[in-house]
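Data block below; observations after.
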Amino acid sequence: MDKQPFAASVSVIVPAMNEAENLPHVFATLPDWIDEVILVDGNSTDDTVAVARESRPGLRVVTQTRRGKGNALIEGFQAAQGDIIVMIDADGSTNGREIRSFVATLVNGADFAKGSRYAPGGGSDDLSPIRSLGNRILTGLTNLLYGTRYTDLCYGYIAFWTRHLDALDLDCDGFEIETLMNVRAAQAGLVIREVPSHERSRIHGESNLNALRDGWRVLRTILRERGRGRSVTAQAQVALAK
Ligand SMILES: Nc1nc2c(ncn2[C@@H]2O[C@H](COP(=O)(O)OP(=O)(O)O)[C@@H](O)[C@H]2O)c(=O)[nH]1
Ligand SMILES: [Mg+2]
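Structure representation (structure tokens):
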């Protein structure tokens, strides 16, 4: 077993809904030195949980209480015991071997390390033209409204220090989770760095994402969070004026 190269413990959170065929491949890419792996099961109807337990001894399993990837991740984050949380997908598209560069980015001073398929060295075998276009537009809108310089808004490979969970204050159910995390990380003033990442194709099965429905949820999140930022500022001003 490799020696843990960092002076911080690492929890990997894997949301999974019917990913039995993919999970053994995903777990095979995880470095030996990961301290904790938490599978958040979305009430799978295949043998996701049994296969996962078999291929990853010591696996922790959380069964989500609501529906959606966002709810799954939030419940997984709450269960995490490591200093650092890394979220990856269960379909083989995010490569566990990249975890090292995410953790290194955090240990070297970032609060929040987000994967980017568009950063130099990144890429994707999985993005359809329509999703790529939508993601670029939503990324541009976010940068305009929040003063961020993101190159890739809707990507599920993110790592952060667990101590920032309160600042992120996450509350959503669906695929808009990454957007919510990216916007709230910026609003909370966290030090954010992008990490180049190469997304591979899902190995088996089909995506649960619907570009129109979920793109719309992302757009609503981007617009709504501005209001939240303002109301927080307004509340702060009211408090100051008292
Ligand atoms: N627990 C749980 N996992 C989910 C849910 N929806 C999607 N996922 C997982 O989230 C990850 C990304 O989902 P996927 O369908 O591949 O969407 P895409 O990568 O955006 O095309 C995969 O690991 C899915 O199994 C859900 O409702 N619950
Ligand atoms: Mg996928």
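When we follow my numbering, the leftmost residue of the sequence shown carries the number 312, and every step to the right adds one.
All C-beta atoms, glycine included, are put in the ideal place defined by N, C-alpha and C.
Remember, it's a predicted structure, so these values are computed and weren't measured experimentally.
When the Cα atoms are used, E332 and D352 turn out to be separated by approximately 14 Å.
With respect to P342, L384 sits apart: the two C-beta atoms are not nearer than 9 Å. In the assembly as shown, E330 is a buried residue. Its beta-carbon has 16 or more other beta-carbons within 10 Å. Looking at the DSSP output, P431 shares a beta bridge with no other residue. Ligand 1 has a heavy atom closer than 8 Å to the beta-carbon of S404. By the Cβ-count criterion, G538 is exposed, with fewer than 16 other Cβ atoms from all chains shown falling within 10 Å of its own Cβ. Non-local C-beta neighbours of G445 in its own chain, meaning closer than 7 Å and more than five positions away in sequence, comprise A522, G526, ordered along the chain.
L417 is classed as buried because its beta carbon has at least 16 other beta carbons within 10 Å across all chains shown. Approximately 6 Å separates the beta-carbon atoms of L449 and L530; this is inside 8 Å, confirming the contact. According to the DSSP assignment, V348 belongs to the beta strand (DSSP E) that extends over 347-352. Pairing P368 with N406, the inter-Cα distance amounts to about 20 Å. If you ignore the 5 residues before and after A318, its C-beta comes within less than 8 Å of the C-beta of V418, all in its own chain and listed in chain order. In this structure, D437 has its beta carbon less than 8 Å from a heavy atom of ligand 2.
S427 is positioned such that its CB atom lies closer than 9 Å to that of E505. In chain order, N333, H336, G403 place their CB closer than 6 Å to the CB of I514, counting only its own chain and leaving out the 5 sequence neighbours on each side.
Among the bridge pairs identified by DSSP, E505 is matched with K425. When secondary structure is reduced to three states using DSSP, A470 falls in the strand class. Ligand 1 has no heavy atom closer than 8 Å to the beta-carbon of A361. The bridge partners DSSP lists for T374 are D352. Per DSSP, I395 is one residue of the beta strand (DSSP E) stretching across 395-398. Around the beta carbon of G433, 16 or more other beta carbons sit within 10 angstroms, so the residue counts as buried. Per DSSP, S322 is one residue of the beta strand (DSSP E) stretching across 321-327. Taking C-beta atoms as the reference points, S435 and P507 fail to come closer than 9 Å.
Non-local C-beta neighbours of G387 in its own chain, meaning closer than 7 Å and more than five positions away in sequence, comprise I324, P326, I349, V351, V373, ordered along the chain. Ordered by chain, the residues meeting the criterion of a beta-carbon within less than 5 Å of a non-hydrogen atom of ligand 1 are P326, A327, M328, E330, V351, G353, G379, K380, A383, D400, A401, D402, S518, N519, L520.
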